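Just below is one structure, and these are the notes that go with it.
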Amino acid sequence: MIKRQFIKRFRNLKKDDLHVDLHMHSTWTDGALSLREIAKTAKKMGLTMIAMTDHVRKNSTYCKDYEEEIGEVSKETGLEILTGFEAKVVSAKGELDLPPYCRRGRHLIIGSVHSVPMKGKTVHPKDISRDDLQDLELKYSLAIIKGGKADILGHAGGMTIGIYGGFSLVYLEKIIRTCGKGDTAFEINSRYHGSIIREIWELLSRYNPLVSFGSDAHSKSEIGNCIRMADSLI
0 MIKRQFIKRF
10 RNLKKDDLHV
20 DLHMHSTWTD
30 GALSLREIAK
40 TAKKMGLTMI
50 AMTDHVRKNS
60 TYCKDYEEEI
70 GEVSKETGLE
80 ILTGFEAKVV
90 SAKGELDLPP
100 YCRRGRHLII
110 GSVHSVPMKG
120 KTVHPKDISR
130 DDLQDLELKY
140 SLAIIKGGKA
150 DILGHAGGMT
160 IGIYGGFSLV
170 YLEKIIRTCG
180 KGDTAFEINS
190 RYHGSIIREI
200 WELLSRYNPL
210 VSFGSDAHSK
220 SEIGNCIRMA
230 DSLI
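Numbering-wise (numbering that gives the first Met the number 0), the sequence shown opens with residue 0 and increments by one.
Next comes the structure, spelled out in structure tokens:
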């Protein structure tokens, strides 16, 4: 059972709360490091908790073995490691591409916009214009928040930022304001939010949502980047 005391409202955060990284990927999916390599690196950096959040789809079958290895690595290293999964949103109701084994309450669930549901199929963000992609990211981000299937909204605006270099701050404000009214945490994601972190910080202070810190690390050099980014502002 995942207890979420470590996910706090923005105004309740203290410096010690920043020594976590709750979004990372390993060789179980598209990351470059094994779970053990990630844990050892995180411990050397002084992180007090991490979450392993590899990608899943409805037909993923590795989840139980993954959870067992995370438990073994946590015992070996003495580092608290949460079992989590990142799943894409697949409907305007906020449904996620999760297999039955993975569920909120038992695991840390990140809901993200990746390939975009459109007219009964999914479309790669690169095949969508900037304006349309922004609109769709807003729509499906709000769906994730309101759908209640995820603990964390992953990398809000990240697809538009990654492809087109920016995301509407008006839309970002709508997303953060909606997070502030519910119990889905807004992720401060160092992979995508570095260029607008000051604007995000101001909006988080205004609307006081639950927040999560994630590097979205796929390689050794990215582990803990979210902490360094936040440290520069506190």
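Note that CB positions come from ideal geometry on N, CA and C, so glycine has one too. Note that the coordinates shown come from a computational prediction; the quantities given were computed from them, not determined experimentally.
Inset, instruction - Within its chain, find whatever has a CB closer than 7 Å to the CB of T28; leave out the 5 residues flanking it on each side and keep chain order. - result: D53, H54
Inset, instruction - Go ahead and pull the three-state DSSP assignment for P98. - result: coil
Legend entry - For S21, the residue or residues it bridges with in DSSP: The identity of residue 21 in the sequence shown is Leu, whereas the question assumes Ser. None, per the DSSP bridge assignment.
Inset, instruction - Below 8 Å on the Cβ atoms is my guess for M48 versus E71; work out the distance and round it to an integer in Å. - result: In fact, because the Cβ distance is near 17 Å, the residues do not count as touching under 8 Å.
Inset, instruction - Put N58 into one of helix, strand or coil per three-state DSSP. - result: coil
Legend entry - Simplified DSSP assignment, three categories, for P208: coil
Inset, instruction - To the nearest angstrom, report how far apart M117 and W200 are at their CA atoms. - result: 32 Å
Inset, instruction - State the DSSP-derived secondary structure class of K234, mapped to helix, strand or coil. - result: Residue 234 is absent from the model: the chain starts at 0 and stops at 233.
Inset, instruction - Would you be able to state if there are at least three C-beta pairs under 8 Å between the region 34–51 and the region 93–105? - result: no
Inset, instruction - Under 7 Å Cβ to Cβ from T26, same chain only, skipping five residues before and after it: list those, please. - result: L32, S33
Legend entry - Three or more C-beta pairs below 8 Å linking the region 168–183 and the region 212–219: no
Inset, instruction - Report all residues from its chain with a CB closer than 7 Å to the CB of H217; omit the five preceding and five following residues, and keep chain order. - result: H24, D29, G30, A31
Legend entry - Alpha-carbon spacing of S140 relative to T60, whole angstroms: 26 Å
Legend entry - Endpoints, alpha helix (DSSP H) assigned at T159: 157–163
Inset, instruction - For R56, I'd like the list of residues in its chain whose CB is within less than 6 Å of its CB, leaving aside the five on either flank, ordered along the chain. - result: D96
Inset, instruction - Under 7 Å Cβ to Cβ from K14, same chain only, skipping five residues before and after it: list those, please. - result: I233
Legend entry - Among H18, L107, G165, the one whose alpha carbon lies nearest that of M228: H18
Legend entry - Residues bridged to G213 (per DSSP): N188
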